[in-house]
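Note sheet for the following structure.
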Amino acid sequence: MVAKMKLSLVIPAYNEERRIGKTIVSYHDYFSRHIPDFEFIFVIEGTDDTLNIVKACAEKDARIRYIYSGKRLGKGGAIIEGFKIATGDLVGFVDADGSTLPMAFHDIVKAVEAGQDCAIASRKVKGARLIKKEPLLQRIGSRGFNALVRTLFLLPVKDTQCGAKILSRKALNAVLPELGITEFAFDIDLLFRIHKKGFKIKEIPTVWESKAGGQFNFGKRFIKLIPDMFLSLVRLRLIYSPLRKIVTAYDKLHELMR
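In the working numbering, the protein residues as written are 326 to 583.
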C-alpha cells in the first residue's frame, strides 16, 4: 500500500535515548517504502540525549521534525503541541518505545483514508498479534483500567491505551480546541470527545510487542499509580457532568496555590 494522503505522526519522547534511535530507523524505513508522504513530529522532554539523536536524524530528512520543551508537558500535553503544528491530511500519534510495530499502521491508515473518522490500534480485538505480552501485573492493571473506563464513559472501545491512533483532519479540527488533559488519561479524553461529537471510531487489530522500561506503561509502577489512575478517571468523568464547574474551580485554586 502507498498512502494517498499526507500523514503527520506525533511521537512524544521523554528521556528515550536508549530506544529512540531504533524507533526512528524502523519507522523511517517502513514509512519511506509504504507511506512516503509523511512527517514525524517528535515532541521531546527530559534531560538525556534524545534531542541530539532526533536532531541528527532530522538533518538527514526534512520529514523528521521536532519540538523541544524545557518544561514537563506530560504525554497528552506533548501530543497536543505536536497536533498544533501537524500539516497532514491524517494526523495521529504513537509511543516512542516502538511497542506498536510500524507495519501495524498499514491497516490504520487505510481505514481513515477509506472514510473512518478515527482508527486506533487495538490489542483486544480479533486478529491482534502480540509478539511479546505485557508482564502479568501490567495485564491485570490494563484489564482493570479498561473495565473502569467502559463503566465510567460507555466508550465503544476495548483498548483505549494502545499507543497508536490516527484521526482525519476533520475530526482533529473538531476536538483539538477542547483538548486539555495532559497525563495518561489523554487517550480517553480524546476518544470520548470524538465519540460525543458523533465521529466513528474503528479498532484495528495490531501487531504489538511489549517493551521494557516504557515511559507510558504501568509496569512496576502500577501499584503506586492506582490512586492517581482512579482519581484521574473520576476527575475526567466529572468534567463531562453537571459538576464540571466544581472541577474547574478546584483546578484554578490548585494552580494558584502551586
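C-beta: ideal position from N, C-alpha, C; glycine also. None of these values were measured; they are calculated from a predicted model.
Discussion item. Looking at residue 664: is its Cβ nearer than 9 Å to the Cβ of residue 445?
Written reply: Since the first and last residues shown for the chain are 326 and 583, residue 664 lies out of range.
Worksheet item: If we count the other Cβ atoms within 10 Å of its Cβ and call it buried at 16 or more, is residue 515 buried or exposed?
Response: In the sequence shown, counting from the first residue as 1, residue 515 sits at position 190. Residue 515 counts as buried, since no fewer than 16 other beta carbons sit within 10 angstroms of its beta carbon.
Practice prompt. Could you tell me which residues DSSP puts in a beta bridge with residue 320?
Written response: The chain is shown from 326 up to 583; residue 320 falls before or after that span and cannot be answered.
Practice prompt. Run through the segment 426-495 for me and flag every whole beta strand (DSSP E) of 3 or more residues, listed as ranges in chain order.
Written response: Assignment of beta strand (DSSP E) within the segment 426-495, counting only whole runs of 3 or more residues, yields 443-447, 454-457 and 489-493 in chain order.
Discussion item. Restricting to runs no shorter than 4 residues, where is the alpha helix (DSSP H) found entirely within the segment 337-406?
Written reply: Considered as a whole, the segment 337-406 harbours 345-359 and 375-383 as its complete alpha helix (DSSP H) runs of no fewer than 4 residues, in chain order.
Discussion item. The beta strand (DSSP E) that contains residue 529, what's its start and end?
Written reply: Locating residue 529 in the sequence shown gives position 204, where the first residue counts as 1. Boundaries of the beta strand (DSSP E) around residue 529: 526-530.
Worksheet item: Considering only residues of the same chain and omitting the five flanking positions on each side of residue 511, which have a CB-CB separation below 7 Å?
Response: Sequence index remark: in the sequence shown, residue 511 carries index 186 (1-based). So the list reads 400, 401 and 404, once near-sequence residues are dropped.
Practice prompt. Helix, strand or coil for residue 534, going by three-state DSSP, please let me know.
Written response: By 1-based counting over the sequence shown, the position of residue 534 is 209. Of the three classes helix, strand and coil, the one that applies to residue 534 here is strand, per DSSP.
Fill in: Span separating the alpha-carbon of residue 338 from that of residue 422
Your numbering for residue 338 matches position 13 in the sequence shown. Your numbering for residue 422 matches position 97 in the sequence shown. Distance from the CA of residue 338 to the CA of residue 422, rounded to the nearest whole angstrom, comes to 8 Å.
Fill in: DSSP state of residue 570 mapped onto helix, strand, coil
Within the sequence shown, residue 570 is the residue found at index 245, counting from 1. DSSP places residue 570 in helix when its eight states are reduced to three.
Worksheet item: Which same chain residues, not among the five before or five after residue 473, have their C-beta less than 7 Å away from its C-beta?
Response: Within the sequence shown, numbered from 1, the residue matching residue 473 stands at position 148. Result list for residue 473: 558, in chain order.
Worksheet item: How many angstroms separate the CA atom of residue 424 from the CA atom of residue 519?
Response: What you label residue 424 is simply residue 99 of the sequence shown in a count that begins at 1. What you label residue 519 is simply residue 194 of the sequence shown in a count that begins at 1. One Cα belongs to residue 424, the other to residue 519, and the distance between them is close to 25 Å.
Item to complete: For residue 380, I'd like the list of residues in its chain whose CB is within less than 8 Å of its CB, leaving aside the five on either flank, ordered along the chain.
Response: Numbered from 1 along the sequence shown, position 55 holds the residue referred to as residue 380. 391.
Discussion item. Classify residue 386: buried if its beta carbon has 16 or more other beta carbons within 10 angstroms, exposed otherwise.
Written reply: Position 61 of the sequence shown holds residue 386. Exposed.
Fill in: Option nearest residue 484 by Cα separation, candidates 492, 471, 505 and 378
The residue labelled residue 484 in the question sits at position 159 within the sequence shown. Considering only alpha carbons, the answer is 471.
Discussion item. Suppose the cutoff is 7 Å on Cβ atoms and the five residues either side in sequence are ignored; what does the same chain contact list for residue 378 look like?
Written reply: As a position in the sequence shown, residue 378 is number 53, starting the count at 1. Same-chain partners within the cutoff: 342, 345 and 346.
Item to complete: Name the two residues that bound the continuous alpha helix (DSSP H) containing residue 329.
Response: Residue 329 sits at position 4 when you count from the first residue of the sequence shown. DSSP places residue 329 in no alpha helix (DSSP H); its state is neither H nor E.
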